[in-house]
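One structure below.
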Amino acid sequence: MMEEKTTTWQKAVRQTLRGMDWYLAAPYLILCIIGIVMVYSASADVAMQVGGTPQSYLRKQAIYVILGIAVAFGVAMVNLRKFRGRGTRHVLMWTVLTLLVYVALFGARVNGAQGWISLGFMSIQPAEICKLVFALFYADYFARQNDPSQLRNVSRDIPDWKRYLPWIYLVAALGLILKQPDTGGFLINAIIFVVITSVAVLPLGWSLLISVGFFLGSLLFAVPLSKFVLLWTHGYQAARFTGFLEPFKNASSSGAQLVNSYYAISNGGIFGSGIGNSIQKMGYLPEANTDFILAVIAEELGLLGVIVVLGTLGFLICRMVLVGTRCKHMYEAYLCYGIAAFFAAEMMFNVGAVCGLLPITGVTLPFISYGGSSMLVLSASLGIIIRISRNQTQAKQAAASLKQGGR
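Per my numbering, the sequence shown runs over residues 140 to 546.
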């Protein structure tokens, strides 16, 4: 029995490697390697200031990356039907809501937001987990709504209150995230929902146009919207908006992070000052190894380094969208678009904050910034796309074999 299980597991590993989409896996591995190097460079001085060794953050990030790769590979071997059961998706959503309620009551406060659960060896952020659960839940929900063969699932036999559960989940999750307050988490989860909804109810071309328009509109209207939001915020959130609107007037307080980010970008120029030679990471730039690691990359690797990092991440996102366009099943397509929106929104909010185009929302740069929760959730999300791409490859190979056999 044990030998049979081992053989089955080995067969699954071989099939996953054989059907691996290296246009997804290679950029992922490249970004993880760059992330390890830059986290080490950005955090060595900070680690020593808090009593650690220069390698403290490096070791942790290396562990997160190894776990992330294991998670991505493991998820890529799982049949997606295991995520599609009505009971499964409701359990996932209830689990996330329970975690969000827990952090609202007992969560650890970090940088003004009460959104963390400390496990000792690492901290988890339920708002991060919610992003993947949102993609899984609403991709399945809208796929069932649009599939004539699934009409029985929305029949009149279902009690009225159950029909409103997806919308109750949406409001509850977003409300709990906003209460922390985690503006970045709120916006990204909302974007995932909006993108999946638009793809489900509109033609793909219109959906992509609306998504691009939303991202461009966010940049164009960031300043006027920030001035409006500032009227309704207080505490550390208000400080972030004032720091965004007038960074140099608040250079010694709320604008310090953005001003030092500007200095780092300016110091780097085109070719950078070299790995390890950043000045701003030496206690001047807060969150140099997390939210603002791109500023350190700009200073040490220059504009060329930034182009390589963002180009690799952009290629990965485009590949996700391409995989989505090739899907024959709505569920898989919605998942691809939702996860691609998740990655694109994270990149947009992080780059926008570092460059002063958008308010600082505490969003990290995928696979580059230091952190365990983000790495594991992003890796699991990518593992799902790899599985979908593998399904497409296997279907294509089966069709080719059938065609050859018929000759």
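All C-beta atoms in this analysis are idealised placements derived from N, C-alpha and C, irrespective of residue type, glycine included. Bear in mind the structure is a predicted one, so any value in this text is a computation, not a measurement.
For Gly254, the uninterrupted beta strand (DSSP E) segment begins and ends at Ala252 to Ser257.
The residues Tyr203 and Met261, in chain order, have a CB closer than 6 Å to that of Gly511 in the same chain once the five nearest residues on each side in sequence are set aside. With contacts defined by Cβ atoms closer than 8 Å, Phe481 and Ser518 do not form a contacting pair. Beta-bridge pairing by DSSP links Ile263 to Ile256. Within its own chain, the residues whose Cβ lies closer than 8 Å to the Cβ of Gly413, once the five positions on either side in sequence are excluded, are Glu439, listed in chain order.
Put simply, of Gln200, Trp161 and Val185 the residue whose alpha carbon is nearest the alpha carbon of Phe506 is Gln200. Annotation: Leu231 to Gly408 spans about 46 Å, alpha carbon to alpha carbon. Under DSSP, Ala247 takes part in a beta bridge, and its partners are Trp255. In this structure, the straight-line span from the alpha carbon of Gln319 to that of Leu239 is close to 9 Å.
For Ile432, the secondary structure class from DSSP, reduced to helix, strand or coil, is helix.
In the three-state reduction of the DSSP assignment, Ser412 falls in the coil class, being assigned neither a helical nor a strand state.
Contact between Arg228 and Asp279 holds: their C-beta atoms lie close to 5 Å from each other, under 8 Å.
Of all C-beta pairs linking the region 420-434 to the region 460-472, fewer than three are shorter than 8 Å, placing the two stretches out of contact.
Between Gly259 and the set Val490, Glu267, Leu496 and Ala247, the nearest pair of CA atoms involves Ala247. Segment contact: the region 262-277 against the region 303-319, three or more CB-CB distances shorter than 8 Å; contact assigned. With a beta-carbon spacing of about 5 Å, Glu267 and Val516 fall inside the 8 Å limit used to define contacts.
Between Ala165 and Arg526, the C-beta spacing is not below 8 Å. About 14 Å separates the beta carbon of Ile349 from that of Gly477, a gap too long to meet the 8 Å contact definition.
When the beta-carbon positions are compared, Asp430 and Ser508 come within less than 8 Å of each other. A check of alpha carbon separations from Asn285 across Val445, Val502 and Tyr470 identifies Tyr470 as the nearest. Under the 8 Å Cβ criterion, the region 169-188 counts as touching the region 442-460, having at least three qualifying pairs.
Taking each of Leu474, Leu326, Leu496 and Asn530 in turn and checking the Cα distance to Gly158, the smallest one comes out for Asn530. For Ile432, the closest alpha carbon among the candidates Thr155, Met177 and Leu156 is that of Met177. Taking a contact as a CB-CB distance under 8 Å, the pair Ser195 and Ala209 does not count as one, their CB atoms being some 22 Å apart. Between the beta-carbon of Ile456 and that of Val448 there is about 13 Å, and that puts the pair past the 8 Å contact cut. When DSSP states are grouped into helix, strand and coil, Gly495 belongs to the coil group. For Val214, the enclosing alpha helix (DSSP H) stretches over residues Ser195 to Ala215. Cβ neighbours of Tyr402 within its own chain (closer than 6 Å, five residues either side excluded): Gln419. In the three-state scheme derived from DSSP, where H, G and I count as helix and E and B as strand, Gln188 is classed as helix. In the displayed model, Thr500 falls within coil according to three-state DSSP, outside both helix and strand. Rounded to whole angstroms, Ala395 and Gly411 show a C-alpha spacing of 22 Å. Trp161 counts as exposed, since fewer than 16 other beta carbons sit within 10 angstroms of its beta carbon. CA-to-CA, the gap between Cys269 and Val189 works out to about 31 Å. Phe212 and Leu163 have their alpha carbons spaced roughly 12 Å apart.
Here Ala243 is near Leu315, since their CB atoms are less than 8 Å apart.
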